[in-house]
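Q: Position 234 (the sequence shown) corresponds to 233 in numbering that gives the first Met the number 0; numbering is contiguous. Quick one: the structure is below, questions incoming.
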Amino acid sequence: MKIYSLANQKGGVGKTTTCLNLAMALSKIGKRVCVVDCDPQSNLSSGLGVNGSSGNIYDVFSQRKELDEIIREVNHNLFIVPSTFDLVGFETEVKEEEKKEKILKEKIIKTIKNFDYVLIDTPPSLGLLTLNALVASNSVIIPVQGEYYSLEGLTQLLKTIKKVKELLNPSLRIRGFLLTLFDRRLRLAHAVEAELRRVFKDKVFKTVVPRSVRLAEAPSFGKSVFDYAPNSKGALAYMELAKEILKGDEKKSSW
Ligand code: ATP
Ligand code: MG
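Listed below in structure tokens is the structure:
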């Protein structure tokens, strides 16, 4: 079972869109996938048409429920642990608790089994929720918006990942940087891509997710882009990303 977090403390870079559509693409290829909504905004849950009112990840963080009690089926290969706005209370409530960064990891180990992939969506901050996700993960996928200033914000994220590695999860890796919201007509976007590839080399996914209005529209129908606009360039890009990730993961496990 591979556990990947989608993380970037910058808001609106495509974390949730990537989590949702990458998970759906992997499930369509036949992998069993669970997505975990670790964001009080709950965009991942609503984007899949799931409401967390009858049980959500806040119940798990506050030790009232286990993950397997609240997990919901989206299709026969895709499951979701939904969130709710209540989760916003978590960061303040557990401040004093010991092992507060390890709650999610322990809960996943305890009850989440039989999945090929677990993808965790995180909020736009480097607070306790994102830390829980990083501690629970094998690797991080970092969506980067194709615009100039986004590169500067990466320094803080990389520092946090380094710290988590040193103190809490030594095996944490960066799975890859993903260019999202990429507008080929903008010269700036190409400059950002060139700089990202120069600095992070083969850690940058070959797949680039274009700016596509279908990707932005799909969540308001509670659908992935594959159900909303299966032939759109956004759908094609996320399928390509899923295949690129599978190929890379298979190569690694045969070493
Ligand atoms: P937050 O930090 O607030 O959680 P996020 O990083 O999860 O944001 P998303 O919610 O995935 O980012 O995307 C931000 C907005 O951009 C959303 O309205 C989404 O529908 C839209 N969007 C994401 N990716 C694309 C794309 N490739 N093309 C067009 N619109 C996109
Ligand atoms: Mg989001």
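Glycine is no exception: its CB is placed at the ideal position from the N, C-alpha and C atoms.
#1: Look at the alpha carbon of PRO123 and the alpha carbon of GLY13, and state the distance between them as a whole number of angstroms.
#2: Could you give the first and the last residue of the continuous alpha helix (DSSP H) run that contains ILE69?
#3: Distance check for LEU21 and ALA241, CA to CA, integer angstroms please.
#4: Could you tell me which uninterrupted alpha helix (DSSP H) segments, each at least 4 residues in length, are contained entirely in the region 104-189, listed from first to last along the chain?
#5: Closer than 5 Å between the C-beta and any heavy atom of the ligand ATP: which residues qualify, listed along the chain?
#6: Using CA coordinates, which residue listed in LEU86, GLU65, VAL143 is at the minimum distance from ASP38?
#7: Using only the heavy atoms of the ligand MG, determine whether one of them is closer than 8 Å to the beta carbon of GLN40.
#8: Going by alpha carbons, who is nearest to THR255 out of SER219, MET0, VAL117, GLN8?
#9: Would you please state the rounded distance, in angstroms, between the beta carbons of MET0 and ASP182? I believe it to be under 8 Å.
#10: For TYR227, which residues in the same chain have their Cβ closer than 8 Å to its Cβ, ignoring the five residues on either side in sequence?
#11: So which of GLU192, VAL224, LYS205 has the shortest CA-CA distance to LYS246?
#12: Write down every uninterrupted run of the beta strand (DSSP E) in the region 20-44 whose length is 3 residues or greater and which is fully enclosed by it, in chain order.
#13: State the Cα-Cα distance for the pair LYS250 and GLU92, rounded to the nearest angstrom.
#14: Expressed to the nearest angstrom, what Euclidean distance is found between the alpha-carbon atoms of ILE2 and LEU103?
#15: Which residues in the same chain as LYS98 place their Cβ atom closer than 6 Å to its Cβ, once the five residues preceding and following it in sequence are excluded?
#16: With a threshold of 8 Å (Cβ to nearest heavy atom), would LEU125 be considered close to the ligand MG?
#17: Per DSSP, what kind of secondary structure is LYS1 in: helix, strand or coil?
#18: Do three or more CB pairs link the region 62-81 to the region 31-47 at distances below 8 Å?
#19: So does the region 161-175 actually touch the region 127-142, counting three or more Cβ pairs closer than 8 Å?
#20: Could you check if LEU43 belongs to the surroundings of the ligand MG, using beta carbon to heavy atom distance under 8 Å?
#21: Give me the residue from ASP120, LYS222, GLU100, ALA190 with the minimum Cα distance to GLU146.
#22: For ASN113, count the other beta carbons within 10 Å of its own beta carbon; 16 or more makes it buried, fewer makes it exposed. Which is it?
#23: Are there 16 or more other CB atoms within 10 angstroms of the CB of GLU100, so buried, or fewer, so exposed?
A: Let me spell this out:
#1: The straight-line gap from Cα to Cα measures roughly 11 Å.
#2: Note, ILE69: alpha helix (DSSP H), 66-69.
#3: Cα to Cα, the separation comes out at about 6 Å.
#4: Listed in chain order, they are 127-135, 149-166.
#5: Taken from the N-terminal end onward, the list reads GLY10, GLY11, VAL12, GLY13, LYS14, THR15, THR16, PRO123, LEU180, VAL208, ARG210, SER211, LEU214, ALA215.
#6: It is LEU86.
#7: Yes; taking the cut-off as 8 Å, the Cβ of GLN40 has a heavy atom of the ligand MG nearer than that.
#8: Outside the displayed span of the chain (0 to 254) sits residue 255, for which this structure offers no information.
#9: Incorrect: roughly 36 Å between the Cβ atoms, too far for contact.
#10: So the list reads ARG213, GLU216, ALA217, PHE220, once near-sequence residues are dropped.
#11: Per the C-alpha coordinates, the member of GLU192, VAL224, LYS205 positioned closest to LYS246 is LYS205.
#12: Here the runs fully enclosed are 32-36.
#13: Distance between the alpha carbons of LYS250 and GLU92 is about 42 Å.
#14: Looking at the two C-alpha atoms, the distance is approximately 12 Å.
#15: Taken in chain order, the list of residues that qualify is empty.
#16: Answer for LEU125: no, Cβ out of range of the ligand MG.
#17: Strand.
#18: Between the region 62-81 and the region 31-47, the count of C-beta pairs closer than 8 Å reaches three or more; the two stretches touch.
#19: Judged by Cβ distances under 8 Å, the region 161-175 makes contact with the region 127-142, as three or more pairs qualify.
#20: Yes; taking the cut-off as 8 Å, the Cβ of LEU43 has a heavy atom of the ligand MG nearer than that.
#21: Minimum Cα distance to GLU146 is reached at ALA190.
#22: Exposed, because fewer than 16 other Cβ atoms sit within 10 Å of the Cβ of ASN113.
#23: That one is buried.
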